[in-house]
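Visitor: One structure follows; several queries about it will come next.
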């Protein structure tokens with residue numbers, strides 16, 4: 076037994092939706108929570124590889140991620156994460172991300188963690204202090220020291236009025252590194268301010284002030300320090316709320332109020348901010364370590380049209396602070412004070428254009444931006460959208476504008492199915508997040524990195540299974556009673572030919588693109604070729620009602636030609652709007668949700684099954700792909716849900732396995748090649764339900780037939796065919812034990828260089844193993860187990876070797892891994 080370290084070709088996963096789910100370190104590493112994992116990504120890397128590594132360790136969904144300040148003598152960065160498993164974890168991360176490990180785990184709150192803040196120090200480095208908030212209505216103070224996190228204090232917020240702390244901000248009071256200020260906001264309309272003195276090893280925060288003015292929950296808080304010519308100035312606190320407004324608060328040292336606040340008290344226009352609702356100018360007094368401070372309202376920032384999820388300051392080298400905000404109105408804004416008047420205004424606004432908002436939830440155009448982050452130098456920004464994908468902008472000094480840049484995308488729920496295209500050019504994945512995604516390697520221009528290139532299907536039901544029909548078609552099944560067949564559109568084909576060197580032919584015969592009708596689930600083919608006709612505006616205008624004599628073109632579909640005429644992978648907005656595939660057929664017949672499907676290797680038949688609790692519904696239905704009709708009668712074998720269907724490499728046999736612990740083999744009719752008949756049923760194939768199956772390649776054209784099955788009884792069994800009185804019969808050959816229930820297997824379609832079959836096995840705990848099997852008797856020749864750091868943190872749901880032809884003799888093999896932890900992985904094995 077050995078361990079194997081394949082090359083990581085591709086990691087793709089979406090971020091959890093939470094305003095504190097990500098942080099961007101001064102070293103350029105962006106860490107974010109994805110399900111119960113931590114994904115690490117270098118956005119400004121010279122090669123747009125995307126996610127570099129995924130760290131597993133939490134057992135609950137991640138909610139908060141923060142980097143700790145890095146001391147000059149440290150050779151590694153430190154990261155703190157919190158999750159619904161009630162744990163805080165401390166990670167060490169080296170510069171090239173090759174060595175990342177969990178150093179310390181502590182029990183934090185009695186309920187899920189909701190917020191996390193790290194001390195901002197404006198002068199000499201002091202102690203590293205953290206604050207965490209939980210749904211148990213407490214704020215806990217922690218100290219980082221010697222590679223561990225130590226508890227210091229618990230602040231209870233369950234006194235009247237009770238609230239859950241959703242946002243925290245922690246800073247030193249100006250240049251005084253021994254005085255700390257903590258701001259807490261949450262499920263109340265007020266902000267609570269605490270202060271503490273650092274005395275020896277003890278820190279005790281005490282309440283100082285309650286700031287009122289917001290009219291809804293407080294979602295995010297952040298501090299910055301004003302810089303003046305004569306030294307440090309006042310602290311500014313930004314608060315973002317669900318009331319659609321941002322408020323700025325000033326912390327000023329001394330008994331005298333700051334000039335702007337004193338003048339505002341007598342300003343007759345102070346009621347003009349909101350009709351009938353004047354911002355409060357009440358001064359709150361603090362006294363800490365015999366020093367007097369005041370907190371006053373500074374400014375009200377208006378401009379967002381929906382909840383504001385996050386705010387973050389960037390303090391530039393010139394001493395000027397800029398504020399980045401993200402909102403549920405699908406926009407992010409940069410706020411700066413006017414250098415002359417000091418009035419705060421939005422200088423930049425990025426995001427979705429207003430006419431695309433709310434058209435349909437399927438396009439991802441609603442739901443907003445959940446968090447926004449600055450790069451350390453302020454020259455780049457990222458924000459997280461509803462679909463779990465990142466958007467990124469880099470500032471161009473030449474053009475004086477923010478230009479979009481390549482970011483990362485991925486599924487946000489369990490990946491339930493994967494399928495390589497017939498020629499192995501690209502990988503399709505389906506998920507419970509109701510999307511189908513196409514992943515391919517960007518090879519043009521000397522690049523060699525994997526990206527999401529298209530989002531063919533955005534559905535209204537959770538997707539369960541997928542298989543490729545031809546190089547440009549696929550069929551998918553979901554939590555509905557039918558299957559849908561899709562064909563590649565011309566715009567996507569041109570993009571893939573250009574970026575991935577596919578060389579697909581027949582592009583001109585393809586439909587140009589697709590869109591989703593409002594209140595519909597079917598992707599309709601559209602033609603955006605004729606873009607010369609002007610759009611007709613006014614009453615009665617629209618497709619099919621052109622009073623100008625020319626053909627009216629939908630502006631949204633016309634826009635896709637320019638949106639996909641690009642020399643780099645599409646950004647998130649293009650993926651969700653312009654890369655859909657038109658649906659060409661629906662296949663009916665099942666009475667319940669589709670559980671599995673398979674396409675014959677010659678592409679002429681589709682076999683499918685649905686969830687079932689009786690023999691009547693547990694049948695396997697066959698559909699021919701010429702006229703898209705069902706081949707009757709259906710195949711009867713199982714009494715419960717069939718979990719996997721697999722055609723043999725030559726399509727002579729169809730193998731099915733199910734929850735009734737049975738496997739069945741059907742043989743193709745010699746005369747009518749659309750029909751199959753039962754060959755052999757094994758009602759006791761495993762002791763518990765069978766979850767997956769795969770055919771082995773024959774060692775020669777007429778060599779022995781064999782397949783493998785995987786069960787919840789923690790075993791993989793191989794079955795070898797023997798000729799008994801002129802009839803094939805499969806009998807047990809080898810049993811491979813596993814520590815956990817086996818949930819996914821796949822066998823390489825070609826033999827390895829030693830002439831053996833290669834079996835990949837994934838289990839419920841996420842462990843991955845590779846076995847070499849003797850092709851003649853299926854005995855185990857060798858076995859290797861992947862390192863734990865490369866394995867998913869949850870169950871492996873499907874495995875798929877990349878198709879290769881035996882005559883090509885590739886320099887290695889790629890294995891695609893779909894798992895419940897929302898991460899899609901592609902590993903390259905040089906020697907198996």
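Numbering (the numbering used here), first residue to last: 76 to 907.
Don't be surprised by glycine CBs; every beta carbon is placed ideally from N, CA and C.
Three-state secondary structure (DSSP) at residue 590?
Guide: Taking the chain shown and counting its residues from 1, one reaches residue 590 at position 515. The answer is strand: DSSP assigns residue 590 an E or B state.
Visitor: Grouping DSSP H, G and I as helix and E and B as strand, with all else coil, what is residue 606?
Guide: For the purposes of this step, residue 606 is taken as the residue at position 531 of the chain shown. Its pLDDT being 39, under 50, residue 606 is placed unreliably in this model, and the coordinates cannot settle the point.
Visitor: Three or more C-beta pairs under 8 Å: does that hold for the segment 79 to 93 against the segment 129 to 142?
Guide: Touching, per the Cβ criterion.
Visitor: CB residue 462 to CB residue 647, shorter than 8 Å?
Guide: For this step, residue 462 is matched to residue 387 along the chain shown. For this step, residue 647 is matched to residue 572 along the chain shown. Taking 8 Å as the Cβ cut-off, residue 462 and residue 647 qualify as a contacting pair.
Visitor: Cα-Cα, which of 190, 226, 388 is closest to residue 396?
Guide: Translated into the one-based positions of the chain shown, residue 396 becomes position 321. For the residues 190, 226, 388, the minimum Cα distance to residue 396 belongs to 388.
Visitor: Please work out which residues of its chain come closer than 6 Å, Cβ to Cβ, to residue 711, disregarding the five sequence neighbours upstream and downstream, and give them in chain order.
Guide: Taking the chain shown and counting its residues from 1, the one referred to as residue 711 is at position 636. The answer, listed in chain order, is 694.
Visitor: Cβ atoms of residue 291 and residue 317: under 8 Å apart, would you say?
Guide: For the purposes of this step, residue 317 is taken as the residue at position 242 of the chain shown. For the purposes of this step, residue 291 is taken as the residue at position 216 of the chain shown. Their beta carbons are under 8 Å apart, which means residue 317 touches residue 291 by this criterion.
Visitor: Using 8 Å as the threshold, is the C-beta distance between residue 464 and residue 494 below it?
Guide: Looking up residue 464 in the chain shown gives position 389. Looking up residue 494 in the chain shown gives position 419. In this structure, residue 494 does not lie closer than 8 Å to residue 464 by Cβ.
Visitor: Which one of 219, 202, 267, 203 has the shortest CA to CA distance from residue 234?
Guide: What you label residue 234 is simply residue 159 of the chain shown in a count that begins at 1. When each option's Cα is compared against that of residue 234, the closest is 267.
Visitor: Helix, strand or coil for residue 450 per DSSP?
Guide: If you number the chain shown from 1, residue 450 lands on position 375. Correct three-state label for residue 450: coil.
Visitor: Per the DSSP calculation, residue 375 is bridged to which residue(s)?
Guide: Along the chain shown, read from residue 1 onward, the residue named residue 375 stands at position 300. Paired residue(s): 322.
Visitor: Do residue 598 and residue 658 have their CB atoms nearer than 8 Å?
Guide: The sequence position of residue 598 within the chain shown is 523, counting from 1. The sequence position of residue 658 within the chain shown is 583, counting from 1. Cβ distance < 8 Å, so residue 598 and residue 658 count as in contact.
Visitor: In three-state DSSP terms, what is residue 127?
Guide: Working through the chain shown from its first residue, we reach residue 127 at position 52. Residue 127 falls in the strand class under three-state DSSP.
Visitor: Evaluate residue 269 with the Cβ neighbour count: other Cβ atoms within 10 Å of its Cβ, from every protein chain shown; 16 or more gives buried, anything less gives exposed.
Guide: Residue 269 sits at position 194 when you count from the first residue of the chain shown. Classification for residue 269: buried.
Visitor: Can you say whether residue 106 is buried or exposed, counting buried as having 16 or more other CB atoms within 10 angstroms of its CB?
Guide: As a working note, residue 106 is residue 31 in the chain shown. Under this definition residue 106 is a buried residue.
Visitor: Within 10 angstroms of the Cβ of residue 451, are there 16 or more other Cβ atoms? Answer buried if so, exposed if not.
Guide: Working through the chain shown from its first residue, we reach residue 451 at position 376. Residue 451 should be labelled exposed.
Visitor: Please confirm whether residue 321 and residue 376 have their CB atoms less than 8 Å apart.
Guide: Along the chain shown, read from residue 1 onward, the residue named residue 321 stands at position 246. Along the chain shown, read from residue 1 onward, the residue named residue 376 stands at position 301. A contact, by the Cβ cut-off of 8 Å.
Visitor: Let's test the definition: count the other Cβ atoms within 10 Å of the Cβ of residue 690 and tell me whether it reaches 16, buried, or not, exposed.
Guide: Along the chain shown, read from residue 1 onward, the residue named residue 690 stands at position 615. Its Cβ having fewer than 16 others within 10 Å, residue 690 is exposed.
Visitor: Taking residue 651 as part of the alpha helix (DSSP H), name the residues at either end of that continuous run.
Guide: To locate residue 651, count along the chain shown from 1; it is residue 576. Element bounds for residue 651: 647 to 653.
Visitor: My understanding is that residue 865 touches residue 821, with C-beta atoms under 8 Å, so please give their C-beta distance in whole angstroms.
Guide: Taking the chain shown and counting its residues from 1, one reaches residue 865 at position 790. Taking the chain shown and counting its residues from 1, one reaches residue 821 at position 746. 17 Å between Cβ atoms; not a contact.
Visitor: Give the range of the alpha helix (DSSP H) segment to which residue 570 is assigned.
Guide: The residue given as residue 570 occupies position 495 in the chain shown. Residue 570 -> alpha helix (DSSP H) spans 565 to 575.
Visitor: For residue 162, which residues from the same chain have a beta carbon less than 6 Å from its beta carbon, with the 5 sequence-adjacent residues on both sides left out?
Guide: Locating residue 162 in the chain shown gives position 87, counting from the first residue. The answer, listed in chain order, is 180.
Visitor: Does residue 644 have its Cβ less than 8 Å from a Cβ in chain D?
Guide: The structure shown contains no chain D, having only a single protein chain.
Visitor: Check whether the segment 762 to 771 touches the segment 741 to 749, counting contact only when three or more Cβ pairs, one atom from each stretch, lie closer than 8 Å.
Guide: With a cut-off of 8 Å, the segment 741 to 749 and the segment 762 to 771 do not count as touching, because too few Cβ pairs lie within range.
Visitor: Could you give the first and the last residue of the continuous beta strand (DSSP E) run that contains residue 902?
Guide: Position 827 of the chain shown, counting from 1, holds the residue named residue 902. That run of the beta strand (DSSP E) goes 899 to 904.
Visitor: State the Cα-Cα distance for the pair residue 743 and residue 497, rounded to the nearest angstrom.
Guide: Counting from 1 along the chain shown, the entry for residue 743 is found at position 668. Counting from 1 along the chain shown, the entry for residue 497 is found at position 422. C-alpha separation (whole angstroms): 22 Å.
Visitor: Over the uninterrupted beta strand (DSSP E) stretch that includes residue 561, give me the two end residues.
Guide: Residue mapping note: residue 561 aligns to position 486 of the chain shown, counting from 1. Per DSSP, residue 561 belongs to the beta strand (DSSP E) from 558 to 562.
Visitor: In whole angstroms, what is the alpha-carbon distance linking residue 859 and residue 113?
Guide: For the purposes of this step, residue 859 is taken as the residue at position 784 of the chain shown. For the purposes of this step, residue 113 is taken as the residue at position 38 of the chain shown. Approximately 26 Å between the Cα atoms of the pair.
Visitor: Does the beta-carbon of residue 405 have 16 or more other beta-carbons within 10 angstroms, so that it is buried, or is it exposed?
Guide: Locating residue 405 in the chain shown gives position 330, counting from the first residue. So residue 405 ends up on the buried side.
Visitor: If distances are taken between C-alpha atoms only, which option among 512, 401, 445 comes closest to residue 541?
Guide: The residue you call residue 541 lines up with position 466 of the chain shown. Among 512, 401, 445, the Cα nearest to that of residue 541 is on 512.
Visitor: Report yes if the CB atom of residue 286 is closer than 8 Å to the CB atom of residue 324, and no otherwise.
Guide: Position 211 of the chain shown, counting from 1, holds the residue named residue 286. Position 249 of the chain shown, counting from 1, holds the residue named residue 324. Yes, Cβ-Cβ distance for residue 286 and residue 324 is below 8 Å.
Visitor: So, at 8 Å on beta carbons, what are the nonlocal neighbours of residue 224 in its own chain, with the 5 sequence-adjacent residues on each side left out?
Guide: Looking up residue 224 in the chain shown gives position 149. 155, 163, 165, 179, 181, 205, 217, 218, listed in sequence order.
Visitor: Roughly how many angstroms lie between the CA atoms of residue 437 and residue 310, to the nearest whole one?
Guide: On the chain shown, position 362 is the one that residue 437 refers to. On the chain shown, position 235 is the one that residue 310 refers to. Here the model assigns residue 437 a pLDDT of 40, short of 50, so the residue's position is not dependable and the matter cannot be decided.
Visitor: To which residues does DSSP link residue 814 through a beta bridge?
Guide: On the chain shown, position 739 is the one that residue 814 refers to. Beta-bridge pairing links residue 814 to no other residue.
Visitor: Which residue wins for smallest C-alpha separation from residue 370, given the options 330, 720, 187, 666?
Guide: Sequence index remark: in the chain shown, residue 370 carries index 295 (1-based). Of 330, 720, 187, 666, the residue nearest in Cα terms is 330.
Visitor: Would you mind stating whether residue 446 and residue 385 have Cβ atoms separated by less than 8 Å?
Guide: Residue mapping note: residue 446 aligns to position 371 of the chain shown, counting from 1. Residue mapping note: residue 385 aligns to position 310 of the chain shown, counting from 1. Yes, they are a contact pair.
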